[in-house]
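J.:
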Amino acid sequence: AAARLLTDLEMYATLDKLRLPAEAGPQQPGFDDAPAVPLVEAAPLPALTGPVYLCAAGDVMLAVQDGAVYSAGLEDEAFLALLANEAAEKRCFDAKPLYRACFAHGLAAQNITFDAKLAAYLLNPAASDYTVARLAAEYGVRPALSAPWPEAGVLEELCAVLREKCDAEGMGKLLDDIEFPLCEVLASMEHIGILVDRNGIEAFGQELQTALGAELRAIYDEVGYEFNVNSPKQLGKALFEDLGLPTRKKTKSGYSTNAETLESLRDYSPVIGHILQYRTYQKLNSTYVEGLLKVVGADGRIHSTFNQTETRTGRISSTEPNLQNIPVRTDLGREMRRFFVAKEGCVLVDADYSQIELRVLAHVANDTQMQEDFRLGRDIHTMTAARVFDMPEDLVTPQMRSRAKAVNFGIVYGIGAFSLSKDIGVSRREAEDYIHDYLRNYKGVADYMERVVEEAKKNGYVETLFGRRRYLPELASSNFNMRAFGERVARNMPIQGTAADIIKIAMVHVRNRLKAENLDAKLISQVHDELIVECPEAESDTVKKILEEEMANAVQLSVPMLAEAGSGKSWYQAKG
């Protein structure tokens, strides 16, 4: 009973402390009146047709059909034959590894019709994990049979329950048209990977080591002695006791030396600039130079894992390496893009959306002013500055435009005056004035901000244009900060989530069109709002056209969706 209750409440840490596995849930009270189920041992996998239910149980792949359980390895010839058999319908839990296994053997998985893991993610994007056992406990699925692997006994009914609930909550189309086709696209991207210039990365690492040494010497010269710059305790002593810089915050272990604290001390001593630069070089070297070199495959390519069930907004994330985190805001960080390259005879074609989230905001808020700016091709940040500062657009300075840009994107993320003031270096009062003047000029946005929060409070969730939901229990919290967080999410998620849905649609359409036109081009990566294709040089112009067309036409909004493509031998060159 405790296992079932704690699983329902997603209190997994408590389950661990009590040594109650989540999979105990489905077999606990609630099933007392269920008839005894026979123990079924797994048999070798024969040729199967009709609906077959597939899932992994550790290193074993299970196939369940009509009360019989079959086991095989993911790489077994019989299992791969089942995946490639167009006559056999397969409903599965986690299809991406199945598609990828087929790609690795030169096969194409056929007639997979349902992925229960993706359905579970859509129904509850905030869950900490998605396993057959936990979901069976959450949805009260009774074991239909007993087997050495508990997954086998609940798989068929779990698929049926999740399918039904997805349809009932209006997300069946989202599952069938966006998420499910996307998992095959992601499997293909993982299988192909992206080529890297290993020698270039190693040489860049040497440059960083030289730069690190120079910054370290400069720090020692300013302080007057050598110490461990990576130790907050030693650094705090050097800055606040020996150099006498004004203290800011104190922690239990001593002086705070975080980035925010150091930034506030820049004007007091040149040593601060050297410390911040040292940390920048160190981060680049450890995370991106050493980190990338660790994950280069035998084929010289990086095969990142694209996570489809991790973020609450619907965005794709990636790991080993996290391509979404390749630095782009500094010249030095952008250098990393030089080391992602095309193979011999090929180029990379890169296309990204222009201001996708602001265009989505203009549409969902039905803000006529913003919509007109986008339709006429005006610079949205310059126009915002002109309205907020009440002056002709030709008199807008770069600083004004920069501040207007911060407000535009800040509004999308539900930014408050305090955070905005930090971002653009003004007082909180000035930041409040900027936000007030912005909302006064963009009435549709102002109305949307109020309306979406009220609807979220009434419904308990917000959703994207494509029906993706995020439930917001925080809105009913007695804690003010939690409620404020819920309101920020309510304003932001429909915008960010819709943008995520659009890029996913574009990915599916791009891959389908590349195949339909019999091109050798392959979609190999996605980073935020941009797609990267590797193709023979002769296909470059065709691929640019396909990317721009499919991204622009992924969805029809009240404002045009624009995507611009470039090409080059490296990601850096393609990005232009």
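Quick note on the numbering used here: the sequence shown kicks off at 833 and runs consecutively. All C-beta atoms, glycine included, are put in the ideal place defined by N, C-alpha and C.
#1: May I ask which residues mark the beginning and end of the beta strand (DSSP E) holding Ser1251?
#2: Cβ atoms of Glu1073 and Val1103: under 8 Å apart, would you say?
#3: Should Ser1150 go down as buried or exposed, given a rule of 16 or more other Cβ atoms within 10 Å for buried?
#4: Flag this pair as yes or no: are the beta carbons of Val1342 and Leu1351 separated by less than 8 Å?
#5: Do Leu1067 and Cys998 have their beta-carbon atoms positioned less than 8 Å apart in this structure?
#6: My assumption, with CB atoms under 8 Å, is that Tyr1110 sits in contact with Ile1051. Please give the rounded CB distance.
#7: Report the rounded CA-to-CA distance for Pro980 versus Cys991, giving the unit in angstroms.
#8: Taking 8 Å as the threshold (C-beta atoms), are Tyr1100 and Pro1078 in contact?
#9: Under 8 Å, do Gly899 and Leu1014 count as touching if we go by C-beta distance?
#10: Counting Cβ pairs closer than 8 Å, one from the region 1195-1214 and one from the region 1276-1288, do we hit at least three?
#11: What does the Cβ neighbour count give for Arg1283, buried or exposed, with the cut at 16 atoms within 10 Å?
#12: Can you grab the Cα-Cα spacing for the pair Leu1164 / Thr1216, in whole Å?
#13: If we count the other Cβ atoms within 10 Å of its Cβ and call it buried at 16 or more, is Arg1261 buried or exposed?
#14: Could you pull out every unbroken alpha helix (DSSP H) segment of at least 4 residues lying fully inside the region 1143-1225, listed in chain order?
#15: Would you kindly check if the distance between the Cβ of Ile1010 and the Cβ of Val1192 is under 8 Å?
#16: Less than 8 Å separating the beta-carbons of Ala1331 and Leu1307?
#17: Under 8 Å between the Cβ atoms of Ala1353 and Glu1362?
#18: Quick one: what's got a C-beta closer than 6 Å to Ile1243's C-beta in the same chain, skipping five residues either side?
#19: Quick one: what's Pro876 bridged to in DSSP?
#20: Suppose only complete runs of 4+ residues qualify. What are the alpha helix (DSSP H) ranges in the region 1274-1305, listed by chain order?
#21: Enumerated in chain order, which unbroken segments of the beta strand (DSSP E) with a length of 3 residues or greater are wholly contained in the region 1344-1369?
#22: Return helix, strand or coil for Arg1260, following the three-state DSSP convention.
#23: Residue range of the beta strand (DSSP E) that Glu1027 falls in?
#24: Taking three-plus beta-carbon pairs below 8 Å as touching, is the region 998-1007 in contact with the region 908-922?
#25: Can you say whether Gly1025 is buried or exposed, counting buried as having 16 or more other CB atoms within 10 angstroms of its CB?
#26: Which residue or residues does DSSP assign as beta-bridge partners of Phe946?
#27: Between the Cα of Pro1230 and those of Gly1248, Ile1247 and Asp1211, spot the shortest distance and give me the residue it belongs to.
#28: Check whether the region 1243-1254 touches the region 1162-1181, taking contact to mean three or more Cβ pairs, one atom from each stretch, closer than 8 Å.
#29: Can you name the start and end residues of the beta strand (DSSP E) that Glu1371 belongs to?
#30: Taking contact to mean 3 or more Cβ pairs, one atom from each stretch, closer than 8 Å, check whether the region 1399-1406 and the region 1178-1187 are in contact.
#31: Keeping to the same chain, check which residues put their C-beta closer than 7 Å to that of Ala940; ignore five residues upstream and five downstream.
#32: Apply the 10 Å Cβ neighbour rule to Tyr953 and answer buried if 16 or more other Cβ atoms are within range, or exposed otherwise.
#33: Which class does Gln1328 belong to by DSSP, given the choice of helix, strand or coil?
#34: Rounded to whole angstroms, what's the CA-CA distance from Ala1288 to Gly1318? Just pull it up for me.
#35: Counting beta carbon pairs with one atom in the region 1027-1047 and one in the region 1112-1123, are three or more of them shorter than 8 Å?
#36: Could you tell me the alpha carbon to alpha carbon distance between Val973 and Glu1286, rounded to whole angstroms?
T.: From the atom records:
#1: On the sequence shown, position 419 is the one that residue 1251 refers to. Segment Ala1249 to Ile1256 is the alpha helix (DSSP H) holding Ser1251; no beta strand (DSSP E) there.
#2: Position 271 of the sequence shown, counting from 1, holds the residue named residue 1103. Position 241 of the sequence shown, counting from 1, holds the residue named residue 1073. Against a cut-off of 8 Å, the Cβ pair of Glu1073 and Val1103 comes out as no contact.
#3: Residue numbering aside, residue 1150 sits at position 318 when the sequence shown is read from its first letter. Classification of Ser1150: buried, given that the 10 Å Cβ count is 16 or more.
#4: In the sequence shown, counting from the first residue as 1, residue 1342 sits at position 510. In the sequence shown, counting from the first residue as 1, residue 1351 sits at position 519. Contact: no.
#5: Within the sequence shown, residue 998 is the residue found at index 166, counting from 1. Within the sequence shown, residue 1067 is the residue found at index 235, counting from 1. Contact flag unset, no.
#6: Working through the sequence shown from its first residue, we reach residue 1110 at position 278. Working through the sequence shown from its first residue, we reach residue 1051 at position 219. About 7 Å; that satisfies the 8 Å criterion.
#7: Translated into positions along the sequence shown, residue 980 becomes position 148. Translated into positions along the sequence shown, residue 991 becomes position 159. One C-alpha to the other measures close to 20 Å.
#8: Residue numbering aside, residue 1078 sits at position 246 when the sequence shown is read from its first letter. Residue numbering aside, residue 1100 sits at position 268 when the sequence shown is read from its first letter. Yes. Within cutoff.
#9: Working through the sequence shown from its first residue, we reach residue 899 at position 67. Working through the sequence shown from its first residue, we reach residue 1014 at position 182. No, the pair does not count as a contact, with Cβ atoms beyond the cut-off.
#10: yes
#11: Against the sequence shown, residue 1283 aligns to sequence position 451. With fewer than 16 Cβ atoms within 10 Å of its Cβ, Arg1283 is classed as exposed.
#12: Within the sequence shown, residue 1164 is the residue found at index 332, counting from 1. Within the sequence shown, residue 1216 is the residue found at index 384, counting from 1. Using only the alpha carbons, I get a separation of about 30 Å.
#13: One-based indexing of the sequence shown puts residue 1261 at position 429. Per the 10 Å Cβ criterion, exposed.
#14: 1163-1166, 1188-1196, 1200-1207 and 1212-1220
#15: If you number the sequence shown from 1, residue 1192 lands on position 360. If you number the sequence shown from 1, residue 1010 lands on position 178. No, Cβ-Cβ distance for Val1192 and Ile1010 is not below 8 Å.
#16: Here residue 1331 refers to the residue found at position 499 of the sequence shown. Here residue 1307 refers to the residue found at position 475 of the sequence shown. No. Outside cutoff.
#17: If you number the sequence shown from 1, residue 1353 lands on position 521. If you number the sequence shown from 1, residue 1362 lands on position 530. No; because the gap between Cβ atoms is not below 8 Å, this pair is not in contact.
#18: Counting from 1 along the sequence shown, the entry for residue 1243 is found at position 411. Around Ile1243: no qualifying Cβ.
#19: The residue you call residue 876 lines up with position 44 of the sequence shown. Answer is Ser903.
#20: 1275-1291
#21: 1354-1359 and 1362-1368
#22: As a position in the sequence shown, residue 1260 is number 428, starting the count at 1. Looking at Arg1260 - three-state DSSP - the assignment turns out to be helix.
#23: Counting from one through the sequence shown, the residue named residue 1027 turns up at place 195. Residue 1027 is actually Leu in this sequence, not Glu. Run containing Leu1027: Ile1026 to Val1028, per the beta strand (DSSP E) assignment.
#24: no
#25: Residue mapping note: residue 1025 aligns to position 193 of the sequence shown, counting from 1. Gly1025 should be labelled buried.
#26: Stepping through the sequence shown from its first residue, residue 946 is reached at position 114. Phe946 is bridged to Arg923.
#27: Taking the first residue of the sequence shown as 1, we reach residue 1230 at position 398. Comparing Cα positions, the closest option is Asp1211.
#28: no
#29: Locating residue 1371 in the sequence shown gives position 539, where the first residue counts as 1. Glu1371 -> no beta strand (DSSP E), and no H or E assigned at all.
#30: yes
#31: By one-based count along the sequence shown, residue 940 stands at place 108. Result list for Ala940: Ala916 and Cys934, in chain order.
#32: Your numbering for residue 953 matches position 121 in the sequence shown. Buried, since its Cβ has 16 or more Cβ neighbours within 10 Å.
#33: As a working note, residue 1328 is residue 496 in the sequence shown. DSSP places Gln1328 in helix when its eight states are reduced to three.
#34: Sequence index remark: in the sequence shown, residue 1288 carries index 456 (1-based). Sequence index remark: in the sequence shown, residue 1318 carries index 486 (1-based). Those two C-alpha atoms are separated by around 9 Å.
#35: yes
#36: On the sequence shown, position 141 is the one that residue 973 refers to. On the sequence shown, position 454 is the one that residue 1286 refers to. If you take the alpha carbons of Val973 and Glu1286, they lie about 35 Å apart.
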